[in-house]
Every structure is written in C-alpha cells, then in structure tokens.
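Residue numbers (the working numbering), protein chains in the order written: chain A, 2 to 97; chain B, 2 to 97.
Ideal Cβ placement from N, Cα and C applies to all residues, glycine included.
Encoded as structure tokens, the structure appears first; notes follow it.
Number of protein chains: 2
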Amino acid sequence: MTIKVVAKHYVKPEKIEDYIGLSKELVKETLKEEGCIEYGLYQDLKNPLILTMIEEWEDNNSLGRHFNSEHFKEIVPLMANLCEKETEINVYNKIV
Amino acid sequence: MTIKVVAKHYVKPEKIEDYIGLSKELVKETLKEEGCIEYGLYQDLKNPLILTMIEEWEDNNSLGRHFNSEHFKEIVPLMANLCEKETEINVYNKIV
Numbered sequence: 002m003t004i005k006v007v008a009k010h011y012v013k014p015e016k017i018e019d020y021i022g023l024s025k026e027l028v029k030e031t032l033k034e035e036g037c038i039e040y041g042l043y044q045d046l047k048n049p050l051i052l053t054m055i056e057e058w059e060d061n062n063s064l065g066r067h068f069n070s071e072h073f074k075e076i077v078p079l080m081a082n083l084c085e086k087e088t089e090i091n092v093y094n095k096i097v
Numbered sequence: 002m003t004i005k006v007v008a009k010h011y012v013k014p015e016k017i018e019d020y021i022g023l024s025k026e027l028v029k030e031t032l033k034e035e036g037c038i039e040y041g042l043y044q045d046l047k048n049p050l051i052l053t054m055i056e057e058w059e060d061n062n063s064l065g066r067h068f069n070s071e072h073f074k075e076i077v078p079l080m081a082n083l084c085e086k087e088t089e090i091n092v093y094n095k096i097v
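Shown next as structure tokens:
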C-alpha cells in the first residue's frame, strides 16, 4: 500500500522566493529516489504563503530512506527557517 | 495547469464507517467526471479521525462542474453532518 504525505508550510512573506528556490533542489533530488511516486510543491490559490509538498511513496521504507537522505537532511532544515510557524504534516493510507 | 485539492475532514469517532460508506459512492461517481485526474479518500496513520480527500482536476472548470454535480450536492452535505468541525480545504497550483 502506498503512502501519501501532505506537508503544509506557512512561509514568511519575504522568504517565498528563497523557499521555492530551495524546494527546486529538494524536488529534483527526491524524484530520483527509489520508491518515490510523486513529490511536488503546490501553492494555495487563495493564500500564496501556504506552500505544500504533496508526496506519494511506495511504502514506509522508501519514506524512511527519504528522511535519511543527504539532500533531505541538508535542505529541509534551511526551508524550516523560512517558515512562520510549524509545518502541518499528515501521513496517509488510501482507503477509498 | 492542473488543480490539486486537499480537503481535510475531522470525522466523529462513531461516524467513521458511515463516512467511508458515503465517500465510496462519491468517489465512484466523481471518477467518471470529465477532467477528474485523481480523487481518493485517505486516512491519517496517526489519527484515524482525519479523513482527507485528495483530488486533482484538469482545470478550474472541471472542478466547478464537480461542485455542481448531482452526486456532490447530494452526498457532501450528508458527509459534513458526520464531522466534528469545519473541513480544511486548500486548492493548489503546482509550482515545482
């Protein structure tokens, strides 16, 4: 069963460009990972400060490897510094 | 440009089964709609009361037709009655 992840970030207004820049590198490297089905950054149509990574992984192991990858450990903390408040992360299983 | 929708519902504990039952009908009919790329119900691994519809549409028009469809107008209000609090809906454009 695949795993879907929705990671909703609230980015500081003055840091949107920097945030998108960093995420381009993260997305590029992550899409090369084994077990990565989907990994993209989305911007809320009503509130451009909400930037959400929507991901799909083959299984828990591939998601675990992602968290331990060099690019994740290097880039994600930098992105977190650009955010207004804590990220809302939901990890899901598909049921219907 | 496609449109991604994440609609996060907080369902009453005693209404989970009813909620999933209703969503099966909604998903079945919605997947037949023109412009519907993805439409599925996901359950949070840590909090089973969080049931989220993750959707992708070809464009704004197809999403608009969805909101006006018979099955949406019939089923979605019934699902809303089974929820603890307001649904969090984000409509997104992909940027990376």
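Residues of chain B whose Cβ lies closer than 8 Å to the Cβ of A:LEU42 are, in chain order, LYS95, ILE96, VAL97.
Where A:ASN62 is concerned, there is no enclosing beta strand (DSSP E), although the alpha helix (DSSP H) around it starts and stops at 61-68. For A:GLU56, the pairing in a beta bridge is given by DSSP as A:VAL6, A:TYR40.
Listed along the chain, the chain A residues whose CB falls inside 9 Å of the CB of B:VAL77 amount to none; the nearest CB is some 14 Å away. For A:VAL7, at least one C-beta of chain B is nearer than 8 Å to its own C-beta. DSSP, read as helix, strand or coil, puts B:VAL12 in strand.
Every unbroken stretch of the alpha helix (DSSP H) spanning 4 or more residues and falling wholly within the region 65-97 of chain A is given here in chain order: 71-81. Taking 7 Å as the upper bound on Cβ-Cβ separation, chain B lies near residues ILE21, SER24, LYS25, VAL28, GLY41, LEU42 of the region 21-42 of chain A.
With respect to the 8 Å criterion, A:GLU56 and A:VAL6 are classified as neighbours on the basis of their beta carbons. The criterion of a C-beta distance shorter than 8 Å is satisfied by A:ASN91 and B:ASP45. Chain order gives the chain A residues near B:LEU46 as VAL92, TYR93, ASN94, where near means a beta carbon separation below 7 Å. Boundaries of the alpha helix (DSSP H) around B:LYS25: 17-31. The beta carbon of A:THR53 falls within 8 Å of a beta carbon belonging to chain B, placing the residue at that interface. Each residue's CA atom was taken as its position, placing B:SER24 and A:GLU59 some 24 Å apart. One Cα belongs to B:PRO14, the other to A:PRO78, and the distance between them is close to 35 Å.
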